[in-house]
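Some notes on the structure that comes next.
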Amino acid sequence: MTTRHRHHLISRSIAAASLVFAMLAFLGAEECLCAPNGSRPDFRQLLRSLGRYSPDPCGSPVFEGNLHSQNLESLLFQDAAETLTKELNATPTGAASPGDRATETLKRLERASAEINAAWPEKNRFRFEILDIPPALVVKMTFRTQETFFVFGVPEEDSGKPNRLWREVGSDEEFVENTGLRSGLYLYPLHRSASGHARFLARFDRSGCAGSSGVDYDAREWDPAGIGSLNQIIKQSGAFGMDEEKGFEGVGELRTTGSHITLPYCWFSVIDTWDNPSLCAADTYDISGDEVKFKARVYNRPDLVPVAKAIEYAQRRDYEAVRGYCASSKVARRLVRDIPPDIFADELRVSRTGSGKEHIEFGFETTFCFDVKKHAGRWRVAGFRAE
């Protein structure tokens, strides 16, 4: 068993125990949903308990209690995953494929939610999608505004012995730890490894009630050999703003087909003048072989990247890092010496001063002036002063 797999199993056990304890503490003895033998509540009991909350946490007039409801949601998803594992290992009554059997099992859970949560909009009840990438099944589960995924497969071994049983071999491990409100999960099959291992990409579009948003990319590969490790092969996070009409345009489009994939994203930096990230990038990966290789990164505003990065490292007083974005050591030392710990960009003004040359100004009270120059295809900070 790999260290990563052991940590996954330990984290799952601790998380499940913590969730049960938190749920029971919240519900109180008079509302305890435990079965007589002390086991945790089943799927239908959890649906009834969650039915006391608003179908949309952001639409509730009282925000308190959402942490408790998210704990219950995690238990609900875990119960659904365990139910599915049992059904996949039950003796099949016909020649139905694992995907068909999983679909039928999850449809029963959907019908239970439709019955118990009938007063809710359909989009907020329990729902599911299945990505069938033999020999693995990736199952997306949705309830209220939370979405997560589980991966099921038949590892070749169990405790060193041959295995023929389905297992939950992985999941969105960060779900239990993340108390944010997610708005969307999208699953994409990816080009298989040179060894034929199944791969997929999970894209989480996350948002909070206040409107802040972002994206998380999580690419996984499943190898059924041994204990059947689910390995993360790409992880990338980014941010999006509150007003798409303000700020600069992004760059690149999401591409998940073929041997090269592209993941676009943005991030907040010191040069932002609104609650929108100014800088965006698109990363391209070669996934044709067994090892994923980073190929290229393109920026929406490569002229502004050295300014933002030089300021970021100058505020940390990291001269070596700042020097990498400057045309001379003199400019780098001045930045490290003079950049204050807090900067508000206010209005960003960019003017062209020549071929491959620009002058950039921004700031509030203090105006920060940068001259940037493009040399050998790369922009660098060639001058700096504060006024």
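Its first residue numbered 0, the sequence shown is counted upward by one per residue in numbering that gives the first Met the number 0.
We treat Cβ as the ideally placed atom computed from N, Cα and C, and that holds for glycine.
With 16 other Cβ atoms within 10 Å as the buried cut-off, status of residue i
i	result
K234	exposed
A24	At A24 the pLDDT is 42, less than 50, meaning the model places this residue with poor confidence and gives no usable figure here.
P339	exposed
G355	exposed
P97	buried
K372	buried
S327	exposed
G183	exposed
G323	exposed
F20	In this prediction, F20 scores a pLDDT of 45, lower than 50, which makes its location untrustworthy; no coordinate-derived value is stated.
A309	buried
T104	buried
D217	buried
T365	exposed
G237	buried
D337	exposed
F62	Low confidence applies to F62: its pLDDT is 48, below 50, so where it sits in the model is not reliable enough to give any reading.
G213	buried
Beta-carbon separation (whole angstroms), residue i vs residue j, contact threshold 8 Å
i	j	result
G288	A193	5 Å
F125	T82	That belief does not hold up - the Cβ atoms of F125 and T82 are roughly 12 Å apart, past 8 Å.
R191	D55	Contact doesn't hold; Cβ gap of about 38 Å is too wide.
V306	I342	Not a contact, Cβ separation roughly 11 Å.
S170	F148	6 Å
E121	L186	Not really, about 20 Å apart at Cβ, beyond 8 Å.
V153	P133	So it is not a contact: roughly 11 Å between Cβ atoms.
E167	T84	6 Å
Beta-carbon gap between residue i and residue j smaller than 8 Å
i	j	result
A224	E155	yes
L303	D282	no
V137	F199	yes
F151	L87	yes
G50	N116	yes
R384	C368	yes
D345	T272	yes
V330	V380	yes
Closer than 7 Å: residue i CB and nearest the ligand ATP heavy atom
i	result
S228	With respect to small molecules bound, the structure shown includes none, and the ligand ATP cannot be examined in it.
Of the listed residues the options, nearest to residue i (C-alpha basis)
i	options	result
I286	A295, A280, L130	A295
R53	R333, D99, G213, Q145	Residue identity check: residue 53 is Ser in the sequence provided, not Arg. Taking only the C-alpha atoms, the option nearest S53 is Q145.
F76	G376, P134, M140, K329	M140
W165	I226, H196, P301	I226
S68	T90, L45, D274, T84	L45
Interface flag, residue i vs chain D, CB-CB below 8 Å
i	result
A326	You won't find chain D in this structure, because it holds only one protein chain.
_Whole beta strand (DSSP E) elements within the stretch 167-240, 3-residue minimum_ = 181-189, 197-206, 212-221, 229-239
*List in chain order: all unbroken beta strand (DSSP E) runs of 3+ residues lying wholly within the stretch 91-136.*
126-132
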